[in-house]
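Protein chains: 2
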Amino acid sequence: MNSLKQMVPKATLQRFPVYLKALRKLDNLGVQRIMSRELSEFVDIEPTTIRRDFSFLGSLGKQGYGYDVKALIDVFERHLGGRFEEKLIIVGAGNLGRALMNYNRWNHVVGEIVCAFDIEPNKTGAMYEIPVYPLSELKERIPEGCRIAILTVSKDVQETVNLLIEAGVKGIVDFTHEHIQVPKGVNIKAVDVVSMIQELVFETNSIS
Amino acid sequence: MNSLKQMVPKATLQRFPVYLKALRKLDNLGVQRIMSRELSEFVDIEPTTIRRDFSFLGSLGKQGYGYDVKALIDVFERHLGGRFEEKLIIVGAGNLGRALMNYNRWNHVVGEIVCAFDIEPNKTGAMYEIPVYPLSELKERIPEGCRIAILTVSKDVQETVNLLIEAGVKGIVDFTHEHIQVPKGVNIKAVDVVSMIQELVFETNSIS
DNA sequence: TATAGTTTGTGAATATTTTCATAATCTTCA
DNA sequence: TGAAGATTATGAAAATATTCACAAACTATA
Chain A
120 MNSLKQMVPK ATLQRFPVYL KALRKLDNLG VQRIMSRELS EFVDIEPTTI
170 RRDFSFLGSL GKQGYGYDVK ALIDVFERHL GGRFEEKLII VGAGNLGRAL
220 MNYNRWNHVV GEIVCAFDIE PNKTGAMYEI PVYPLSELKE RIPEGCRIAI
270 LTVSKDVQET VNLLIEAGVK GIVDFTHEHI QVPKGVNIKA VDVVSMIQEL
320 VFETNSIS
Chain B
120 MNSLKQMVPK ATLQRFPVYL KALRKLDNLG VQRIMSRELS EFVDIEPTTI
170 RRDFSFLGSL GKQGYGYDVK ALIDVFERHL GGRFEEKLII VGAGNLGRAL
220 MNYNRWNHVV GEIVCAFDIE PNKTGAMYEI PVYPLSELKE RIPEGCRIAI
270 LTVSKDVQET VNLLIEAGVK GIVDFTHEHI QVPKGVNIKA VDVVSMIQEL
320 VFETNSIS
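Residue numbers (the working numbering), protein chains in the order written: chain A, 120 to 327; chain B, 120 to 327.
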């Protein structure tokens, strides 16, 4: 698509989704334009940081006016996959996998969950209108163009990841508690509630 | 407890749980000592960064030897709440809340889920041996010393957060998609699968 | 159209984080 | 015990990220 990554700082990259979420909410509230100073209070990021972050995607604002909310959302969606185009799969149809299948708030935001896979044949079939296939059929069943998988298996984690990578997956949202090794070019985002609680505990301890 | 926070860089803080997780795994594998260079390959963080991170908690290693895995785990657990002492609550007993109640891998790691709350009376009772109370009884039912809540409600988010803060909660693991306002001294960790997917999409787009 | 009042975008300054380079200190083995 | 080899801990340097400060450029109003 584009090759902005070389220039966009990592720190900025991590804030982009925050901005998009906030802008969508503002749009829903009927806000049509916003200034960096206002947005700052909303997302708790300094106005000047916001402006510099935005500047990596172009000159999106107007002096003396601010930013057009809808136009901004448009730009972010183009870069953050907000065009509902991503074909997502869930790998692991246990409790968490099922909850995520039913967690339909993300549909029509980044894409759709096309299907799921599970290693146990007795868990296949369909859940919440999402077909669940045996993991052994991954190669045949994986949707054309699928790049992102949500991983909720509880065993054989690395083996499963290897299968996904072979099948062309480039990004994994990882709900497991394992350390995963991936080759260059494959990204992992770990969702680890335990780690989050640990960070909270540390911060809470440190304050008092 | 201590007041390390002033000195420990934010970036370091975010890596602590990563180290703890890796060390626990190494311990399980029977590894008794480890050097920063070995650990580096495991967690994909530069050895020198690892050593500096560790140094904020003291001189934990020995020259020419490395680090003792169990001793290191001990130090991290002291700082990251690994003593199973945290009393956790889940607020919102919907699909996701239930999945998390049954996601018992975190018990005996940071603490235990003592109970859950839901605004709808017909969802109360008990699930997976965890009692579920009406949200209106939060003040009476919240466990003594509870500081951390896992938030999975889908509406009245800010109102619910306000209730939690009034009840003494200092840290929130946030599974909602809302922007939450909290006073100083209260920390939020947002678990946002959508945002993670967006980051992945951006990164994947940028590489090609 | 002109003027006053805003706010963006960005060079430069500052702050933070990572990495380099090496002294200090440990282990190991003869 | 001593010498060789290894690895940590850390001051200093480099890289990265944030914030300051202000010119440029817009809006709004008369």
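All C-beta atoms in this analysis are idealised placements derived from N, C-alpha and C, irrespective of residue type, glycine included.
Just mark residue i as buried or exposed, buried being the case when its beta carbon has 16 or more other beta carbons within 10 Å.
i, result
"Met220/B", "buried"
"Gly149/B", "exposed"
"Val320/A", "buried"
"Ser255/B", "exposed"
"Asn241/A", "exposed"
"Asn324/B", "buried"
"Ser155/A", "buried"
"Tyr138/A", "buried"
"Lys303/B", "exposed"
"Ala141/B", "buried"
"Ala130/B", "exposed"
"Ala245/B", "exposed"
"Arg217/A", "buried"
"Gln151/A", "exposed"
Give the range of the alpha helix (DSSP H) segment to which residue i is assigned.
i, result
"Leu282/B", "276-285"
"Leu132/B", "129-147"
"Gly290/B", "Looking at the DSSP string, Gly290/B is not in any alpha helix (DSSP H); the run it does join, the beta strand (DSSP E), is 290-293."
"Asp172/A", "166-174"
Taking 8 Å as the cut-off, decide whether the C-beta atoms of residue i and residue j are in contact.
i, j, result
"Ile316/B", "Val229/A", "yes"
"Phe294/A", "Leu215/A", "yes"
"Val305/B", "Lys289/B", "yes"
"Phe236/A", "Ile208/A", "yes"
"Ile153/A", "Tyr184/A", "no"
"Ile291/A", "Leu270/A", "yes"
"Lys274/A", "Glu318/B", "no"
"His296/B", "Asp311/B", "yes"
"Ile267/A", "Glu205/A", "yes"
"Phe175/A", "Val251/A", "no"
The beta strand (DSSP E) spanning residue i covers which residue range?
i, result
"Lys206/A", "205-210"
"Lys308/A", "306-309"
"Met246/B", "244-246"
How many Å lie between residue i and residue j at the Cα?
i, j, result
"Gln125/A", "Phe195/A", "Residue placement at Gln125/A is flagged as unreliable, the pLDDT there being 49, under the threshold of 50; a coordinate-derived value is accordingly withheld."
"Thr243/B", "Gly211/B", "10 Å"
"Glu322/B", "His198/A", "9 Å"
"Val272/B", "Ala286/B", "17 Å"
"Glu160/A", "Arg260/A", "46 Å"
"Glu278/B", "Ile284/A", "43 Å"
"Glu239/B", "Pro253/B", "7 Å"
"Cys234/B", "Gly213/A", "22 Å"
"Val188/B", "Asp163/B", "18 Å"
"Glu231/A", "Pro262/A", "11 Å"
"Leu145/B", "Gly180/B", "16 Å"
"Met120/B", "Gly264/B", "Only weak support exists for where Met120/B lies, its pLDDT of 38 falling under 50; the value from the coordinates is given anyway. Computed Cα separation, rounded: 15 Å."
"Pro166/B", "Thr167/A", "34 Å"
"Glu157/B", "Gln182/B", "15 Å"
"Gly177/A", "Gly177/B", "45 Å"
"Leu282/A", "Gln300/A", "13 Å"
"Leu132/B", "Ala190/B", "19 Å"
"Asn147/A", "Asp193/A", "14 Å"
"Arg171/A", "Arg171/B", "30 Å"
"Val276/B", "Arg143/A", "17 Å"
Opposite residue i in the DSSP bridges: which residues?
i, result
"Asp237/B", "Pro253/B"
"Ile232/A", "Leu207/A"
"Ile153/B", "Tyr186/B"
"Leu270/B", "Val210/B, Asp293/B"
"Lys181/B", "Gly185/B"
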